[in-house]
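Engineer: I'd like to ask you about the structure that follows.
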Amino acid sequence: MLPYGNGRSYGDTCLNDGGTLLLATGLDRYVSFDATTGVIECEAGVLFSDIIDLLLPRGWFLPVTPGTAFVTVGGAIANDVHGKNHHRAGTFAHHVLEFELQRSDGSVLRCSRTQNPEWFAATVGGLGLTGLIRSARIQLRPVPGGWIHGDSRRFGSLTDFFRLSDDSETDFEYTVAWVDCTAAGKRRGRGIFIRGNHASGPGVPAAQSRLRFPFTPPWSLVNPLTLKPFNELYYHRPAAEQLDGRWDWRSFFYPLDGVLAWNRMYGPRGFFQYQCVVPREGGEAAIDEMLQRIARSGSGSFLVVLKIFGSMPSLGMLSFPRPGVTLAIDFQDRGPRTLALLESLDDITRAMGGAVYPAKDARMSAEAFQRYFPAWEAFSGFVDPRFSSSFWRRVTGRPA
Amino acid sequence: MRRILIMGAGSAIAEATAREFARRGDALFLVGRSAPRLEAMAQDLKVRGASAVAMGTLDAREIGQFPSLLDAATQALGGLDAALIAHGTLSDQAACQMSVDLMLDEININALSVMALCTLLANRFEAGGHGTIAVISSVAGDRGRQSNYVYGSAKAAVSTFTSGLRQRLSPKGVKVVTIKPGFVDTPMTAAFRKGFLWASSGSVGKAIARAMIRGTPVLYVPGFWRPIMWIIRSIPEFVFRRLKL
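First to last, the protein sequences are chains H and C.
Each residue of the first sequence is one higher than the one before, counting from 2 in the numbering used here.
Each residue of the second sequence is one higher than the one before, counting from 1318 in the numbering used here.
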C-alpha cells in the first residue's frame, strides 16, 4: 500500500500499480492553531490552499510552498518540497516541528529532529514509503499581507541570471527565473528574473473565479509550432520588465492553480517534467549545455523554472534540494524522442554529480536514481514492509 | 453569530456543513455517538473559526433523551437559532427484507427519531418566534424503488413531515428546510462505485449552509437532482414497475 494525497506529483511516486492506495485527503482536520507563535497542527490530508484561506487573513503564510497550493501537508513532507525561497528558508521539512507516523504494524511514531530523528530523516522526502504520515505540527511564517512586492526584469544570458541571483539573495525572500528554452545561439539562456518580498496591500484579495481546461484536445497545444512564438511574446511582453512590481499571492506563487486541469493542454499523451539540480561549480556550463540540447530538440514548453538553491542542507535522506542550480521543464510526451532527450539530460546531471527530483519523475533509470541518492540503501531499511510504490519498484528493481 | 445544534454531527455531510458555519464564526453544539470523534471535530471547528463548540453523545434511538439534550444544547450555547438533523443509516435493503426487526430499526433511526426531534424543536422555536430546522432527507424518498425502499420510505416520511411542519411554522417565523442530497461521496457510501453523478461532501455542505441561512424550503443538492427526480416521479406505474432501479 501507499499513501496518496492530492495526486500532484508528476510521475509515479504517488502511484502503486497493482497495489492499494490509502486516500489521505480524508485526514483533513485541524488540531490546533496558536495565533501567537504561528504553529499549526493538522492532519496530513489538509491542503496548502486550505491553510492559506484560513490563516492568511490572520497574517500567517506557509513557510515554504511549491508552485501549486493543491498539495497536502503529508505530501509536502513526503516530497520535502521547496519553493522560491529555498535560499532563505530551506525546504518544507525545516519548518516541520513534529509529525506522527503510522506504521503498518499499528505502531505510531512521533518524529521530530530530536525525537526519533532517524525516522524524521527517513520520512521527510521519503516518498510516503516509511508509513502513513497522520498529522504534523508546522511553523508558519508571519506576513504583512497577501501581496508580494518586488521586481521583474529580462536577462540575456545565464551569466546574467547567476549575477542577478547572487545580487538578490540577501534582500529578497523569493527569487525565481523563467527561461526561454527555444532560444538558440546568442539568445540561449535568456529569460525573466523575478524577485520579491511579502508586502501589505489593500486587504487580502478575494478568491478569483477558477477556469477549468474543459477537455483534452486530440493534439498537444504545446508543440514546436506554438512554443517559439509564445516564448518570443512572453519574453518581449512589456510586463516582463517591472521595476516596482506587485503581485497578489495567487498570481505570484500559484499561477497555474488559476486554470484547473491545465495538464490537458498537452493532449492525450500528456507530458514529462524534468527537474534536476547540478552544483554551482560548472553549473552554468551544464545548464547551458542542457538548454542547447533542448532547443535543438524543438521540445520543451513555456513552463521552465531556473533557480539557485541555497546552502542549507536538506534534512531528509532522500531530499532532492542540495546546493546548486535547479532547472525544471515540462516536455510534451513525443515518445522515444522525448525519453532519449531526457536521458541525455540525465547524462549531464550525472556527470555533474547532480540529482533529479523524484516527485517530478516518471522515467529515470534505477542506475541514475541510485547514483543521485546514494542514501537509498540505508533508507530502504526504513521502508514499511507493507508499503511500496510504482516509483520505488522502478528505481530499486525490487518486486512488490 | 448563530447558535446551531447539529444532530448526527459525525456524518461527513454534517461535518462539512459545520465547517461552513465555523468559518462564519457560529457557535455549534455537536451530537453524535462517538465522543473521541466529536472531540476531534470540535478542535477542528474551533481552528476554523467557530466561536464556541460544545457536544453531547447520544444514540438517535434514545428518543426519551431528546428533551434533556435540547436543554443541554440551549444552555451550552445560551440559546438556539437553528438545528441540522443529519443522523441516519443507509439501510441494507436485502437484510431489511428478511428481518422485520431490522426494518423497524431502520425506520426508527431514519424517520421516527427525526420526527420526534422535529416535534420538540418545532414547539421550542414556535414559542420563541424564530429558528431554522433543517433536515437531511434524500432523493431516495421521492419514489420507492426496489433497491432501497426501506431507506426511501423513511426519507419519504421525513420529507412529508417537514413539508407539513413548514406550512405550520411559516407564519410563526420559523423556517423548515428539507434537504435532498443525491449521491454523495462519504463513508456511508464507501462501498459504491462512484461516477459522474457523485458530489463531494464539501460542496454539499456549502449548499446546505447556504440553504439554512436563506431558509430555502426544499434543497436538491446538487441541483440537477430536481429535474431527474421530477422525471422519475412522472414515470407511470405500469412502466416503473418493470424498471430495475
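Here a beta-carbon is modelled for each residue, glycine too, at the ideal position from N, C-alpha and C.
Just so we're clear, the structure is a prediction, and the values are computed from it rather than from any experiment.
Give the DSSP bridge partners of W148/H, in chain order.
Structural biologist: By one-based count along the first sequence, residue 148/H stands at place 147. DSSP output for W148/H lists A200/H, D249/H as bridge partner(s).
Engineer: Below 9 Å between beta carbons is the criterion; list the residues of the stretch 1351–1369 of chain C that meet it against any residue of chain H, in chain order.
Structural biologist: Listed in sequence order: A1357, M1358, Q1360, D1361, L1362, K1363, V1364, R1365, G1366.
Engineer: Enumerate in chain order the residues of its own chain whose CB-to-CB distance from I1424/C is below 6 Å, with the five nearest sequence positions on each side excluded.
Structural biologist: Numbered from its first residue, the second sequence carries residue 1424/C at position 107. These residues qualify, in order along the chain: A1471.
Engineer: May I ask you to list the residues that DSSP assigns as paired with L261/H?
Structural biologist: Mapped onto the first sequence, residue 261/H falls at position 260. Per DSSP, R213/H.
Engineer: Does P386/H pass the burial test, meaning 16 or more other C-beta atoms within 10 Å, or should it be called exposed?
Structural biologist: Taking the first residue of the first sequence as 1, we reach residue 386/H at position 385. With fewer than 16 other Cβ atoms within 10 Å, it is exposed.
Engineer: Can you give the Cα-Cα distance for R164/H and V260/H, rounded to whole angstroms?
Structural biologist: Working through the first sequence from its first residue, we reach residue 164/H at position 163. Working through the first sequence from its first residue, we reach residue 260/H at position 259. Using only the alpha carbons, I get a separation of about 33 Å.
Engineer: Are there 16 or more other CB atoms within 10 angstroms of the CB of M1372/C, so buried, or fewer, so exposed?
Structural biologist: The sequence position of residue 1372/C within the second sequence is 55, counting from 1. By the 10 Å Cβ count, M1372/C comes out buried.
Engineer: At which residues does the alpha helix (DSSP H) containing Y373/H begin and terminate?
Structural biologist: Within the first sequence, the letter at position 372 stands for residue 373/H. That run of the alpha helix (DSSP H) goes 367–373.
Engineer: Please decide whether S50/H counts as near chain C, where near means a Cβ-Cβ distance under 8 Å.
Structural biologist: Here residue 50/H corresponds to residue number 49 of the first sequence, with the count starting at 1. No, because no Cβ of chain C sits closer than 8 Å to the Cβ of S50/H.
Engineer: Which two residues bound the contiguous alpha helix (DSSP H) that contains Y236/H?
Structural biologist: Stepping through the first sequence from its first residue, residue 236/H is reached at position 235. 225–237 is the extent of the alpha helix (DSSP H) around Y236/H.
Engineer: Could you check what DSSP says for T160/H in three-state terms: helix, strand or coil?
Structural biologist: Here residue 160/H is taken as the residue at index 159 of the first sequence, counted from 1. Helix.
Engineer: Can you tell me which of I1548/C, L1387/C, F1513/C, D1398/C puts its alpha carbon nearest to the alpha carbon of A1344/C?
Structural biologist: Locating residue 1344/C in the second sequence gives position 27, where the first residue counts as 1. Considering only alpha carbons, the answer is D1398/C.
Engineer: Does the beta-carbon of K1492/C have 16 or more other beta-carbons within 10 angstroms, so that it is buried, or is it exposed?
Structural biologist: Locating residue 1492/C in the second sequence gives position 175, where the first residue counts as 1. K1492/C should be labelled buried.
Engineer: Per the contact definition of three or more C-beta pairs closer than 8 Å, is the stretch 180–194 of chain H in contact with the stretch 255–274 of chain H?
Structural biologist: No, they do not touch.
Engineer: Please name the residue, chosen from E233/H, S169/H, T66/H, G398/H, that lies closest to D152/H on a Cα-to-Cα basis.
Structural biologist: Along the first sequence, one-based indexing puts residue 152/H at 151. Nearest C-alpha to D152/H: S169/H.
Engineer: Can you look up L1562/C in the DSSP assignment and give me helix, strand or coil?
Structural biologist: On the second sequence, position 245 is the one that residue 1562/C refers to. Coil.
Engineer: In the DSSP assignment, find the unbroken alpha helix (DSSP H) run with I1545/C in it and report its ends.
Structural biologist: For this step, residue 1545/C is matched to residue 228 along the second sequence. Taken as a continuous stretch (DSSP letters only), the alpha helix (DSSP H) holding I1545/C covers 1542–1551.
Engineer: Please confirm if V32/H has its CB atom under 8 Å from at least one CB of chain C.
Structural biologist: The sequence position of residue 32/H within the first sequence is 31, counting from 1. Closer than 8 Å to some Cβ of chain C, the Cβ of V32/H qualifies, so yes.
Engineer: Leaving out five residues on either side along the sequence, give the residues of the same chain with a beta carbon under 7 Å from the beta carbon of A1393/C.
Structural biologist: Residue 1393/C sits at position 76 when you count from the first residue of the second sequence. Result list for A1393/C: F1346, A1371, in chain order.
Engineer: In the DSSP assignment, find the unbroken alpha helix (DSSP H) run with T1391/C in it and report its ends.
Structural biologist: To locate residue 1391/C, count along the second sequence from 1; it is residue 74. First-last of the alpha helix (DSSP H) with T1391/C: 1383–1394.
Engineer: How far does the beta strand (DSSP E) with V306/H in it reach, from first residue to last?
Structural biologist: Here the question's residue 306/H lines up with position 305 in the first sequence. Where V306/H is concerned, the enclosing beta strand (DSSP E) stretches over 305–310.
Engineer: Our contact map puts I1330/C next to P1498/C with C-beta atoms below 8 Å; I'd like the distance itself, whole angstroms only.
Structural biologist: As a first step, residue 1330/C is located in the second sequence; it is residue number 13 there, counting from the start. As a first step, residue 1498/C is located in the second sequence; it is residue number 181 there, counting from the start. About 7 Å; that satisfies the 8 Å criterion.
Engineer: Does DSSP put C182/H in a helix, in a strand, or in coil?
Structural biologist: Taking the first residue of the first sequence as 1, we reach residue 182/H at position 181. In the structure shown, C182/H sits in coil (DSSP, three-state: anything other than H, G, I, E or B).
Engineer: Could you please give the first and the last residue of the uninterrupted alpha helix (DSSP H) stretch that includes T350/H?
Structural biologist: Counting from one through the first sequence, the residue named residue 350/H turns up at place 349. Counting along the chain, the alpha helix (DSSP H) containing T350/H begins and ends at 337–352.
Engineer: For F392/H, I'd like the list of residues in its chain whose CB is within less than 7 Å of its CB, leaving aside the five on either flank, ordered along the chain.
Structural biologist: Translated into positions along the first sequence, residue 392/H becomes position 391. Taken in chain order, the residues that qualify are G12, D13, T14, L128, P359.
Engineer: Got a sec? Which residues, its chain only, sit under 8 Å from R114/H by beta carbon, not counting five neighbours each side?
Structural biologist: Within the first sequence, the letter at position 113 stands for residue 114/H. The residues are F121, L316.
Engineer: With the cut-off set at 8 Å, would you say F162/H and N198/H are in Cβ contact?
Structural biologist: Working through the first sequence from its first residue, we reach residue 162/H at position 161. Working through the first sequence from its first residue, we reach residue 198/H at position 197. Their beta carbons are not under 8 Å apart, which means F162/H does not touch N198/H by this criterion.
Engineer: Hey, is the stretch 123–140 of chain H in contact with the stretch 33–43 of chain H, meaning 3+ C-beta pairs nearer than 8 Å?
Structural biologist: Contact between the stretch 123–140 of chain H and the stretch 33–43 of chain H is present, because at least three Cβ pairs lie under 8 Å.
Engineer: Do the stretch 92–101 of chain H and the stretch 330–344 of chain H meet, that is, are 3 or more Cβ pairs less than 8 Å apart?
Structural biologist: In short, these stretches do not touch, since the Cβ pair count stays below three.
Engineer: When you compare the CB positions of D289/H and R189/H, do they come within less than 8 Å of one another, or not?
Structural biologist: On the first sequence, position 288 is the one that residue 289/H refers to. On the first sequence, position 188 is the one that residue 189/H refers to. Yes, the pair counts as a contact, with Cβ atoms nearer than the cut-off.
Engineer: What does K1492/C pair with, by DSSP beta-bridge criteria?
Structural biologist: Counting from 1 along the second sequence, the entry for residue 1492/C is found at position 175. T1449/C.
Engineer: Less than 8 Å between the beta carbons of G311/H and H150/H, yes or no?
Structural biologist: For the purposes of this step, residue 311/H is taken as the residue at position 310 of the first sequence. For the purposes of this step, residue 150/H is taken as the residue at position 149 of the first sequence. Against a cut-off of 8 Å, the Cβ pair of H150/H and G311/H comes out as no contact.
Engineer: Compare the C-alpha of A200/H against each of T217/H, P145/H, P218/H, R154/H and name the closest.
Structural biologist: The residue you call residue 200/H lines up with position 199 of the first sequence. Per the Cα distances, P145/H.
Engineer: So, helix, strand or coil for T1479/C, using DSSP?
Structural biologist: For the purposes of this step, residue 1479/C is taken as residue 162 along the second sequence, with counting starting at 1. Here T1479/C sits in helix by DSSP.
Engineer: Alpha carbon to alpha carbon, how far is G336/H from L22/H? Give it in angstroms, no decimals.
Structural biologist: In the first sequence, residue 22/H corresponds to position 21, counting from 1. In the first sequence, residue 336/H corresponds to position 335, counting from 1. Rounded to the nearest angstrom, the two C-alpha atoms are 28 Å apart.
Engineer: Ordered along the chain, which non-local residues of its own chain (more than five positions away) have a Cβ less than 6 Å from that of K229/H?
Structural biologist: Mapped onto the first sequence, residue 229/H falls at position 228. Hits under 6 Å: T183.
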